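Chemist: Counted the way numbering that gives the first Met the number 0 counts, the sequence shown spans residues 0 to 251. Backbone N, C-alpha and C fix where the C-beta goes; we use that ideal spot for every residue, glycine too. In this text the structure is predicted, and so the values were computed from the model without any measurement.
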Amino acid sequence: MALKVLWALDVAKTQYYHFKAIIIAGMGLFTDSYDLFCIPLVMKMIGRIYYPKIHRDVDQKKWFEVPTGIASTMICVSLMGAVIGQLVFGRLGDRVGRRRVYGISLVMMVVASIGCGLSLSKLTPMVFVSLGFFRFLLGVGIGGDYPLSATIMAEFANKQTRGAFIAGVFSMQGFGILLSSLVFMTVCFIFQASADGHNLTTPLELAPSVDIAPVPPESDLAWRIILMLGAIPASMTFYWRMTMPETARYNN
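Listed below in structure tokens is the structure:
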């Protein structure tokens with residue numbers, strides 16, 4: 000009986016639910032790439048707020064630069080979490096089902112994205128401690144989402160179009176990378192327009208000068224908004240994924 004079901008799935012005609020699965024599974028990778036590629040841009044903004052090393056003896060290019068070790072850690076910690084997430088959630092996906100585990104990983108991504116934006120800001124070290132913790136948690140969620148998105152698409156697709164559909168899912172990563180840059184520029188533009196109206200200085204507007212205007216507290220919101228916006232596509236994907244049934248290949 001199981002073999003007949005699998006054979007029927009392999010020879011099934013391409014239908015609406017196949018394209019729906021591409022969008023839902025692709026949105027997972029779309030969110031992953033947004034979260035992973037927005038952090039280098041955010042580091043530039045954080046450097047201008049928390050690391051104003053303004054001194055004539057220091058190279059001007061490093062006046063607003065997060066130390067290399069800290070910046071690298073903030074970028075790599077999510078990748079470390081992704082490795083753990085792939086191992087843990089990949090195994091759980093085989094044991095308890097793709098649908099349930101996929102939902103758990105997306106919830107983790109939503110919580111972690113919001114947590115990144117709510118990182119402590121009283122002391123500079125605490126900003127990176129809390130940000131690093133939530134970036135690691137985000138990475139674990141990404142690690143669970145990454146393999147399950149491809150697996151779900153492969154199990155929904157028929158034999159003839161499986162490769163093309165999986166490629167379509169992974170192509171959503173490019174759109175996520177593009178969106179991260181667009182969101183960064185849009186948020187900076189909005190804050191700059193607001194600053195111009197109130198004669199304030201935005202973080203990215205600070206010129207290398209010893210005589211420099213203080214950064215307004217409102218500017219600290221910009222990078223937090225960019226990180227928290229990653230929770231929106233993750234939430235949408237969670238809702239859509241919960242409306243889909245478990246894959247027939249897993250059930251059989």
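Where does A221 sit, in a helix, a strand or coil, going by DSSP?
Modeler: Helix, per DSSP.
Chemist: What is the DSSP secondary structure of M227, counted as helix, strand or coil?
Modeler: Three-state DSSP puts M227 in a helix.
Chemist: So V100 packs on L147, CB below 8 Å; how close in whole Å?
Modeler: Confirmed, Cβ separation roughly 6 Å.
Chemist: Using three-state DSSP, classify K43 as helix, strand or coil.
Modeler: K43 falls in the helix class under three-state DSSP.
Chemist: Grouping DSSP H, G and I as helix and E and B as strand, with all else coil, what is S234?
Modeler: Three-state result, S234: helix.
Chemist: With a threshold of 8 Å on Cβ separation, who are the neighbours of V126 within its own chain once the five nearest residues in sequence on each side are excluded?
Modeler: Same-chain partners within the cutoff: I45, Y49, S118, L119, S120.
Chemist: On the CB-based measure, 16 or more other CB atoms within 10 Å of its CB, does S170 come out buried or exposed?
Modeler: Label assigned to S170: exposed.
Chemist: Going by C-alpha to C-alpha distance, which of I165, Q172, I225 sits closest to T150?
Modeler: When only C-alpha atoms are compared, the closest one is I165.
Chemist: Quick one, which of W222, T72, H17, V186 has its alpha-carbon nearest V128's?
Modeler: Taking only the C-alpha atoms, the option nearest V128 is T72.
Chemist: Judging by CA-CA distance, which residue of G173, Q159, D93 is the nearest neighbour of C37?
Modeler: With distances taken between Cα atoms, C37 lies closest to G173.
Chemist: If S112 sits next to L226, beta carbons under 8 Å apart, how far is it from one beta carbon to the other, in whole angstroms?
Modeler: That pair is a contact at about 6 Å.
Chemist: I want to know whether the segment 79-94 touches the segment 129-138 - three or more CB-CB distances under 8 Å.
Modeler: These segments touch.
Chemist: Find the nearest neighbour of I224 within the set E245, R161, C115, judged by alpha-carbon distance.
Modeler: Residue C115 is the option with its Cα nearest to I224.
Chemist: Give me the residue from L35, Y238, I189, G143 with the minimum Cα distance to C75.
Modeler: Checked all of L35, Y238, I189, G143; the closest Cα to C75 is L35.
Chemist: If I measure Cβ to Cβ from A230 and keep anything under 7 Å in the same chain, skipping five residues before and after, which residues do I get?
Modeler: Only V109, S112, I113 meet the Cβ criterion.
Chemist: Classify V65 as helix, strand or coil using the three-state DSSP reduction.
Modeler: Coil, per DSSP.
Chemist: Assuming Y101 is part of the alpha helix (DSSP H), what are its boundary residues?
Modeler: Start and end: 97-116.
Chemist: By a C-beta neighbour count over all protein chains shown, 10 Å radius and 16 as the cutoff for buried, is R240 buried or exposed?
Modeler: By the 10 Å Cβ count, R240 comes out buried.
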